[in-house]
Every structure is written in C-alpha cells, then in structure tokens.
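Peer 1: Counting from 1, position 61 in the sequence shown corresponds to residue 61 in the UniProt record's numbering; the numbering is continuous, with no gaps.
Note that CB positions come from ideal geometry on N, CA and C, so glycine has one too.
Only a predicted model underlies this, so the values are computations on that prediction, with no experimental measurement involved.
Please find one structure pasted underneath; my questions will follow.
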Amino acid sequence: MDTDHGAPARGEDLRRAELGAALEAVRARVARAEATAGRAPGSARLMVVTKFFPAGDLARLIDLGATEFGESREPEAGRKVAAVRSELPGVAFDVDMIGSLQRKKAKTVARWARRVQSVDSPDLVDALARATAAALEAGARVQPLGMLLQMSLDGDPTRGGAVESDLPALADAVTGHDGLLTLDGLMVIAPLHGEAEAHLAHAAQIAERFRARHPAATELSAGMSADVESAIAHGSTCVRVGTAIMGPRPLASQ
Ligand SMILES: *Cc1c(COP(=O)(O)O)cnc(C)c1O
C-alpha cells in the first residue's frame, strides 16, 4: 500500500472524485444531524479515519479540504503521516491515534499524533508523557499531546477503554503531567451490533459529569459511519468516519 504515496497524477483521478463525493455526503449528514439536534454548525467535527488506506488518499482528502484524520495502527500510521508531510510541506493537517496502543509504541506516536484518543491506563499515560517529553526535546513536536480517555461501557475488554469508576484516577494521571499532556475529553466506541443508541446516551451522561469536574475537557469523540446521527444527537463533538468515506477496508483488516 505504501507505493501509493503523495499527490495523485494529474488528469483523471477517479479515486479523488470518489472520495470527494463520499466526503461531501458525510459532511451533509453531519450538518443535517447538527440542525436536527438544534446544535451550531461545526459543533460536531468530522474526523476521517484513514487506517489501511494509503498516504495518497490522505493527500487527496487534504486537497478536498479535510483537516482531521484518525489512524489506529503504528508504525503504519507514522510512516503515512511522514510521507504526506514530506509530499505536502507546510500544509496543515492533524492526525489522532484512535486505536488501542501498546506502551512500547508511545515513543513513535508522540512524534506524529496531535492527540491520543485511546487512553485507558495510567501506565499508558506515563509512557505517553515520557515520550512527549522526548519528542519536545528533540523538536519532533511543539505542542503538548492531547489525551482523550476511552470509556468502556459494555464490559467488552477487546475494544479497550476504562470503566467509569476508573476515569477520575486516569484524569489525575493526565493532569499530573502538566506541560506535557492536556486532558481534552472522552472517547467511546459504541458496539457494532445493536444498543449503540443506549451506549451513546450513557456516554453523554458520563461526559456531562466529567466536564463538571474538568471544564477544559470539552471533547466527546463518539460516532462512526453507522451512527453519526445518533452520536451527534447525544452531544458528540468529533465523529470518526472511515467506511462511509473511504469505502470498505480490506477484509484482513477487521
Ligand atoms: C475504524 C475506526 C472507526 C471508523 O469506523 P467506520 O465504521 O469505518 O466508520 C472509528 N473509530 C475507531 C476507534 C476505529 O478504529
């Protein structure tokens, strides 16, 4: 996949047209959902999840006006971000780590990620703080690393996340690294089969309680291709959309 770096060839670029149409359609879904929920336009931001798709697709999407991306696998993600940055020098875009993350990969993730949305253990927080200190020192980043605490609401450990009662300790771990990490909010992955609505409603309640204690932690990252509307109705500020824009991922990737 990494052979498809960089800017697409001029002339007919069917992939660009395909991505452009899908991006437009999802933007329209987001706008309609905001309006239906009585929310301000732009209060739910669209993050395009580009995992398993080549760097050339990121370049196309940036050209189409997308500015926020989600990636879930390291080192694939770091290589892709580096390829796009060298292909498009000076062009601003942000990439968040949204997939479960092993501590040993914190070091490289801190070099490219704006935020990590899959924070679910104090050990991972400490590893990310050390990695951020090193990245700042080396000039590989200039800002603190943003942290979204991933909630687990269904007791399914395979998708990661912390239970609600663990969130205060996790938040303290983050705020203990002032200057290196920022506590930006919460993230949730609703179940794939049924009950997404109930989970999103539950996530919204937890987020409201969380913000009462941490007013700067305004982000609620919730909603994927299938549940954009429901997530925005329940207060999502960041919908993470892959399939509906990129098309189906390779089967082996699921
Ligand atoms: C892959 C992924 C998404 C995107 O899912 P789609 O159903 O393809 O939109 C969103 N969030 C996370 C954490 C993911 O891993």
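List in chain order: all unbroken beta strand (DSSP E) runs of 3+ residues lying wholly within the stretch 169-244.
Peer 2: DSSP runs (the beta strand (DSSP E)) wholly in the stretch 169-244: 181-188, 219-221 and 238-241.
Peer 1: My assumption, with CB atoms under 8 Å, is that Ala131 sits in contact with Lys104. Please give the rounded CB distance.
Peer 2: Their Cβ separation, rounded to whole angstroms, is 10 Å, which puts Ala131 and Lys104 out of contact at 8 Å.
Peer 1: Taking 7 Å as the line, does the beta carbon of Met224 fall inside it for any heavy atom of ligand 1?
Peer 2: Yes; taking the cut-off as 7 Å, the Cβ of Met224 has a heavy atom of ligand 1 nearer than that.
Peer 1: For a test of the three-state rule: what should DSSP assign to Ala66, helix, strand or coil?
Peer 2: Correct three-state label for Ala66: coil.
Peer 1: Closer than 6 Å by C-beta to Ser72: which residues in its own chain qualify, once you throw out the five before and the five after it? Chain order, please.
Peer 2: The answer, listed in chain order, is Lys51, Ile98 and Gly99.
Peer 1: Do we get a CB-CB distance below 8 Å when we pair Leu14 with the residues of chain C?
Peer 2: In the displayed structure, chain C is absent; only one protein chain is listed.
Peer 1: Under 8 Å, do Asp120 and Met246 count as touching if we go by C-beta distance?
Peer 2: Not closer than 8 Å, so no.
Peer 1: Just to check, is the beta-carbon of Ser86 closer than 7 Å to a non-hydrogen atom of ligand 1?
Peer 2: Ser86 Cβ: outside cutoff for every heavy atom of ligand 1.
Peer 1: Gly20 and Leu64 - do their beta-carbons sit closer together than 8 Å?
Peer 2: Yes, they are a contact pair.
Peer 1: Which residue marks the beginning of the alpha helix (DSSP H) containing residue 265, and which one marks its end?
Peer 2: Because the chain in this structure spans residues 1 to 254, residue 265 falls outside the shown range and cannot be described.
Peer 1: First and last residue of the beta strand (DSSP E) that includes Leu145?
Peer 2: Unbroken beta strand (DSSP E) run through Leu145: Leu145 to Met151.
Peer 1: Could you tell me whether the stretch 130-144 touches the stretch 78-85, using the rule of 3 or more Cβ pairs below 8 Å?
Peer 2: At 8 Å Cβ cutoff, the stretches do not touch.
Peer 1: Using the C-alpha atoms, what's the distance from Val174 back to Ala190?
Peer 2: The alpha-carbon atoms of Ala190 and Val174 are separated by roughly 24 Å.
Peer 1: Just to confirm, is the Cβ distance from Val163 to Ser152 under 8 Å?
Peer 2: Yes, they are a contact pair.
Peer 1: According to DSSP, is Arg45 part of a helix, a strand, or is it coil?
Peer 2: Note: Arg45 maps to strand in three-state DSSP.
Peer 1: Looking at the strands, I want to know which residues DSSP matches up with Asp13.
Peer 2: Paired residue(s): none; Asp13 is not in a bridge.
Peer 1: Determine the direct distance from the alpha carbon of Ala244 to that of Leu14, and round the result to whole angstroms.
Peer 2: Cα-Cα distance, rounded: 17 Å.
Peer 1: Taking only heavy atoms of ligand 1 into account, decide whether any of them is closer than 7 Å to the Cβ of Val48.
Peer 2: Checking the Cβ of Val48 against ligand 1 gives no.
Peer 1: Cβ of Gly247 within 7 Å of any heavy atom in ligand 1?
Peer 2: No - ligand 1 has no heavy atom lying nearer than 7 Å to the Cβ of Gly247.
Peer 1: Specify the secondary structure class of Glu74 as computed by DSSP and reduced to three states.
Peer 2: Residue state, collapsed to three classes: coil.
Peer 1: When the Cα atoms are used, what is the spatial distance from Gly11 to Pro250?
Peer 2: Residue confidence is low: Gly11 scores 49 on pLDDT, short of 50, so the model does not pin down where it sits. No coordinate-derived value is stated.
Peer 1: Can you tell me whether Ala134 is helix, strand or coil according to DSSP?
Peer 2: Reduced to three states, the DSSP call for Ala134 is helix.
Peer 1: Using three-state DSSP, classify Ala162 as helix, strand or coil.
Peer 2: Strand.
Peer 1: Over what stretch of residues does the alpha helix (DSSP H) that includes Val109 continue unbroken?
Peer 2: It spans Ala106 to Trp112 - the alpha helix (DSSP H) in which Val109 sits, taken as one unbroken run.
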